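J.: Structure provided below as structure tokens; questions to follow.
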Amino acid sequence: MLGPLLITGPAGQPVVVARPQQRTVLHVLLARAGAAVPPDTLAGALWGPAAGRRAPGALRVLVHHLRRVLGADRIVREPGGFVLRVADGELDAHEFLALLDEAGGGEPERARGLLRRALGLWRGAAFQDDDSGDPVRAVAARLTERRLTAYEDLFDLELRRGAYRQVCAETLAVVREHPLREQLVAQAMTALAGSERTAEALQLYERTRLLLAEELGTDPGARLRDLYAELLAPSRTHLGMPATDVPPERDPHTGCRIVPAQLPPSTAHFTARGAEVARLSARLRAAGAGPVRCGVAGMGGIGKTALAVEASRRVAAAFPDGQLFVDLRGGEPEPADPGRVLGAFLRALGVASSAVPAGAEERAALFRSRVADLRILVVLDNAAGEAQVHPLLPAGPGCAVLITSRARMTALDGVDWTDLGLLDPADGARLLHAVAGRGTDEPAATAEVVDLCGRLPLAIRIAGARVLGRPHWDVARLADALRDERGRLDELTVGDLAVRGSLRLSYQALPDDAARLLRRLGLLGGDDLNAWVAATLLDTPIAEAERLLDLLVDAQLVRITGAGPGSHLRYGLHDLVRLYARERADAEESTAGREAALARTWTTLADIATEADRRAPLRVLTAVAAVTGAAPPDEPWIDALLADPAAWYDAERNRLIEGAHTASGEAAWRIPAASMLEFQTRGLFRDWRDTHRLGLRAAVAAGDLTARALMHRNLAQLEIFGGDGDWQRGATEAQAALELFRHAGIPLGEADALLLLSAAALRQGDLGTALPPAREGLRIARAAGDRRAEANLLHQVGWIHRMSGDLDTARERLGEGLRLAGDGGFTRLLIWLSIAVGIVHRDRDDLVAADHHLRQALTAAREARLDGDTASILTHLAALRRRRGDPAGARATAEESLRLCRAVGLVFNEAQTLITLGEIAIDLGDGTHAHGLLTAGRDRMERLSSVHGRAQAWRALGDAESLRGRPDAARDARVEARRLFHRAGDAAAAGALDSLLTGPPGTDDARGPQDPGHTVPEDGRGTRHSDPDEYRTRHAPG
């Protein structure tokens, strides 16, 4: 997952999934490993709008072939779809996240090593070779963000110990890839200054300042400005200078040997170059008597990569120990860092991530050692220069290297260079005919087109594709269109300018209204849009917008990416097309026209999102429309578009985030307010916080009390239920929302804020404070006649009664809420109330009814793709299995929950599941393992300020210490647990500990390790707190 798809079998052998469609299915299943993926999702990723009635059968065939490759038990069919089964440690992404969690809060030296191990797992971009689109994109984005945060944490540790010179190059390399991330820039500046390179640090600041101004229209933040000022001062003792060099960590352990096969597929319609392919193939096969180094040089777009791949594939069998391939990005502003490339090579060759050295020189030495006795082919594509290539050259006699570059690298010894020139006219004609699929009967027109393209392969391919996309065109018509461009094409010196010339030709051939649409599409970011966006940009009916989009598809300026909600197609623009379109908009459209088009788009997006929020079955807080009084959009296509609100949210997620960051006026707060459900459901906590802070700023600037109240309400929801939020800050946000809603006279808003105040108190274990606002909110919801709000508050009130030990009242309130949620079709509330009712049944020892309700909730949560709810339910089911005397089954279920918690960043659920696993380990008689799990869970609960969670952990630690034969430590733990239970208002749990602490000596040792009921007092209800009692992390109002 952390790079191109790479699968290793049990014995270390590579497992190849060759067919693109099989790889697409596997990518989507990997993105949701362990969860059910509906067949429709897989079909959409495979065929988009072309998926017809035969899609289910074709999908079954693809899955059948994958099972043959991966093993029959790897992919199973469950009610919700196909599930890819994985175990701990089998996915690099899971290992990466686990290492990050282990590094968090640990001793600095150990944390540093864990972070380096985690980052060393990356072999490229997340899901690098995936083209399935939305099903995978969000997971890749989350992994990328965690990677950047890990780099920031690592660099902070390195700089604190004075390792300026060691991390200098590394920080600069990361900054080159992410130049707008100010924390990384500050760390790179600190490393430069500590390495006595202050002038370069100041230059980096200036480049960043200019880039921020150009890209975002902002200045550097306070930290960067302060650091800049300090670097200009005569004394900089805070940097810990002079710098000290720290030797890199080394781990001699290596993984099992892998045979990498990284060559990409051959280019479609590879034409000509027969002599060059034969010459390169012969030279590469000569490896054995000594290392072979070949190079291909030529201008951009000349076909260097296509030639290199074709020749390499022909000789691949001569290199049985593997073929390595890397794009060094020599034509881009920031080429690939050779140290990182070496790290990827080493991991591909079977070197464990922990054994990859930190320094580039050490990596190069280890790489040469690893391949010294191998027959291996290394393809270094698009190289920038000698300094980049030299560390990547193997020296073994059986090794061969093939380099492609725009210019010869004369400083590299022993390279046999091939200069690749323009195609001759005959080969150019064959390429044009192959791509276009016709034209052989037009020799004169063909020759003219090839000449107008400058005989550059990239330009000829573009020209052929234009003919292919216009069935009514012949090659002569294309020659007419190209004729005026021949001078410009002849003068181009780099491949991207040839692409630009072709785009200009396509643009100039458009009707005026289609050209206007293309220009305005360039004003937006992202690579995916629905027809309503086009209609809004032009202020035209959607049918007309679709007609114009079809023209742009015909012109190959826009591509169809799949079917979207409402039976409308979704469209995408290539980045280069977007750049060209934006340039034309700046040149041809007035500022007022551009701003008006964007304002319409963001207002329409806010209208649609508000209506989607109103219709969403997963929503539990009051709809934004009900708070603001917004009317539904008056558009004939809105019902079809929002037939499935969740699907619409998923499709428009990036557009919603873009709008929240760039819109002005009311749309600046309406978009984030109506997007909270998507952020919460998909665990997009950072986007949630960022967009709502911007929305709050806009609401304050507008003086809109209702808007401010909504922003505070949603921020309270985030802090209380957003994974690793601040519960006290959440209470403050909820109080602010309550006061504003009261001032604005919005009762249902008051009910929401009161529920959140109750939830914040419950999170902190304060049952006495939690109940009054929940009761008051319930009274308001009933008076307003809002069944959804009433069901939500019944859930809250019932749960507080359950926590207080009043199971009869809890059952009444929760049962009433369950009926309301079922009658109203409130999907998420139905899930939560089913969980709560199941737990109360378990507390009353009706384990059959408890299992029934929890499994109903689990099925619904998985169908709705609610990972947080799913993790919570699994933990409760684990506790239920424990009560039934099945500790092994309970452990397997809890471990599944833990993996899901860590995958989606559910910090509280993770802490609770660790405690549950610790209790299960006690049942299995493993006190030492239990102690480790419980300590980890307790520490997390302390960071979260959860009084009741800490009490649970201390109580179980008492049992673990007793099992380990440490009675004094056991008593101390139980005393602390009793104190915390009293503080949390849980008299029943505290009383049970009183009985244990005052019992006869040795009472606690009488319990056997397999007795799952050891904490049950005489009333039979004491175990109710041995399970997650605050199961709503991000699954609560909203």
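Residue numbers for the sequence shown, in full-length UniProt numbering: 1 to 1038.
For every residue, glycine included, the Cβ atom is placed at its ideal position computed from N, Cα and C.
Quick caveat, the model's predicted, so the values are computed rather than measured.
Is R708 closer than 8 Å to L740 when the C-beta atoms are compared?
T.: Against a cut-off of 8 Å, the Cβ pair of R708 and L740 comes out as a contact.
J.: Taking residue 1041 as part of the beta strand (DSSP E), name the residues at either end of that continuous run.
T.: Residue 1041 is absent from the model: the chain starts at 1 and stops at 1038.
J.: If you run the structure through DSSP and keep just helix, strand and coil, what is A383?
T.: Strand, per DSSP.
J.: Residue ranges of each alpha helix (DSSP H) run of no fewer than 4 residues wholly in the stretch 48 to 120, ordered along the chain?
T.: As far as the stretch 48 to 120 is concerned, its whole alpha helix (DSSP H) runs of at least 4 residues are 55 to 70, 92 to 103, 108 to 120.
J.: Taking a contact to mean a Cβ-Cβ separation below 8 Å, would you say W602 touches G659 in this structure?
T.: A contact, by the Cβ cut-off of 8 Å.
J.: Do you know offhand how far V341's Cα is from R314's?
T.: When rounded, the distance between both Cα atoms is 24 Å.
J.: So, at 6 Å on beta carbons, what are the nonlocal neighbours of H253 in its own chain, with the 5 sequence-adjacent residues on each side left out?
T.: Annotation note: pLDDT 35 at H253 (below 50); position unreliable, no value reported.
J.: Taking only the alpha-carbon atoms, compute the straight-line gap between P394 and G124 and give it to the nearest angstrom.
T.: Each residue's Cα considered, the two are about 21 Å apart.
J.: Leaving out five residues before and five after residue 1040 in sequence, what residues of the same chain have Cβ atoms less than 7 Å from its Cβ?
T.: Past the edges of the chain, shown from 1 to 1038, lies residue 1040, and the structure says nothing about it.
J.: Work out the CA separation of T144 and L115 for me, nearest whole Å.
T.: Using only the alpha carbons, I get a separation of about 14 Å.
J.: Could you spell out the range, first to last residue, of the alpha helix (DSSP H) harbouring Q166?
T.: That run of the alpha helix (DSSP H) goes 164 to 177.
J.: How many Å lie between D607 and A640 at the Cα?
T.: One C-alpha to the other measures close to 15 Å.
J.: If you follow the alpha helix (DSSP H) that S946 is part of, which residue opens it and which one closes it?
T.: Here S946 belongs to no alpha helix (DSSP H), and DSSP marks it neither H nor E.
J.: Using the three-state DSSP reduction, which class does V848 fall into: helix, strand or coil?
T.: Correct three-state label for V848: helix.
J.: In terms of DSSP beta bridges, what is G404 paired with?
T.: Note that residue 404 corresponds to Thr in the displayed sequence, not to Gly. The partner list for T404 (beta bridge, DSSP) reads V296.
J.: If G398 and L374 are in contact, beta carbons under 8 Å, what's the gap, nearest whole angstrom?
T.: Correct: roughly 6 Å between the Cβ atoms.
J.: Is the beta carbon of A953 closer than 8 Å to that of R938?
T.: Yes, the Cβ-Cβ distance between R938 and A953 is below 8 Å.
J.: Do you know offhand how far A988's Cα is from R653's?
T.: Their Cα atoms are separated by approximately 46 Å.
J.: Taking the CB atoms as reference points, tell me whether A275 and A400 lie closer together than 8 Å.
T.: Contact flag unset, no.
J.: Where L521 and G217 are concerned, what is the direct C-alpha to C-alpha distance, given to the nearest angstrom?
T.: Roughly 21 Å between the two C-alpha positions.
J.: How far does the beta strand (DSSP E) with D416 in it reach, from first residue to last?
T.: Its beta strand (DSSP E) spans residues 415 to 419.
J.: Looking only at its own chain, which residues have a Cβ that is under 6 Å from the Cβ of D690, when we skip the five neighbours before and after it?
T.: The answer is none, since no qualifying residue turns up.
J.: Using CA coordinates, which residue listed in L598, G572, R584, L557 is at the minimum distance from T536?
T.: Taking only the C-alpha atoms, the option nearest T536 is L598.
J.: If I measure Cβ to Cβ from R584 and keep anything under 8 Å in the same chain, skipping five residues before and after, which residues do I get?
T.: Excluding residues within five positions, the ones whose Cβ falls inside 8 Å are Y507, A515, L518, R519, G522.
J.: How big is the Cα-Cα spacing for L854 and D867?
T.: Approximately 15 Å, taken between the alpha carbons.
J.: Evaluate the contact criterion for the stretch 371 to 388 versus the stretch 315 to 326: three or more CB pairs, one atom per stretch, below 8 Å.
T.: Because the criterion of three Cβ pairs below 8 Å is met, the stretch 371 to 388 and the stretch 315 to 326 touch.
J.: Evaluate contact between the stretch 811 to 830 and the stretch 785 to 800, counting only Cβ atoms and requiring at least three cross-stretch pairs below 8 Å.
T.: Flag = yes, the stretch 811 to 830 and the stretch 785 to 800 touch.
J.: Taking a contact to mean a Cβ-Cβ separation below 8 Å, would you say S195 touches R165 in this structure?
T.: In contact: S195 and R165 (Cβ atoms closer than 8 Å).
J.: Give me, in chain order, the residues of the same chain whose beta-carbon lies closer than 6 Å to that of L84; leave out the 5 immediate sequence neighbours on both sides.
T.: L29, A33, I75.
J.: Apply the 10 Å Cβ neighbour rule to P9 and answer buried if 16 or more other Cβ atoms are within range, or exposed otherwise.
T.: What sits at residue 9 in the sequence shown is Gly, not Pro. Result: exposed.
J.: Among the residues of its own chain, which have a CB less than 8 Å from the CB of H982, if the five just before and after it don't count?
T.: Closer than 8 Å at the Cβ level, and outside the excluded window around H982, lie A990.
J.: L963 and G932: beta carbons closer than 8 Å?
T.: For L963 and G932, no; Cβs fall outside 8 Å.
J.: How long is the line joining the alpha carbons of L898 and R940, rounded to whole angstroms?
T.: So the alpha carbons of these two residues sit roughly 14 Å apart.
J.: Quick check on A890: does DSSP put it in helix, strand or coil?
T.: Note: A890 maps to helix in three-state DSSP.
J.: Using CA coordinates, which residue listed in A201, A11, R881, A36 is at the minimum distance from L900?
T.: The shortest Cα separation from L900 among A201, A11, R881, A36 belongs to A36.
J.: Rounded to the nearest angstrom, what separates S266 and A18 at their Cα positions?
T.: The straight-line gap from Cα to Cα measures roughly 13 Å.
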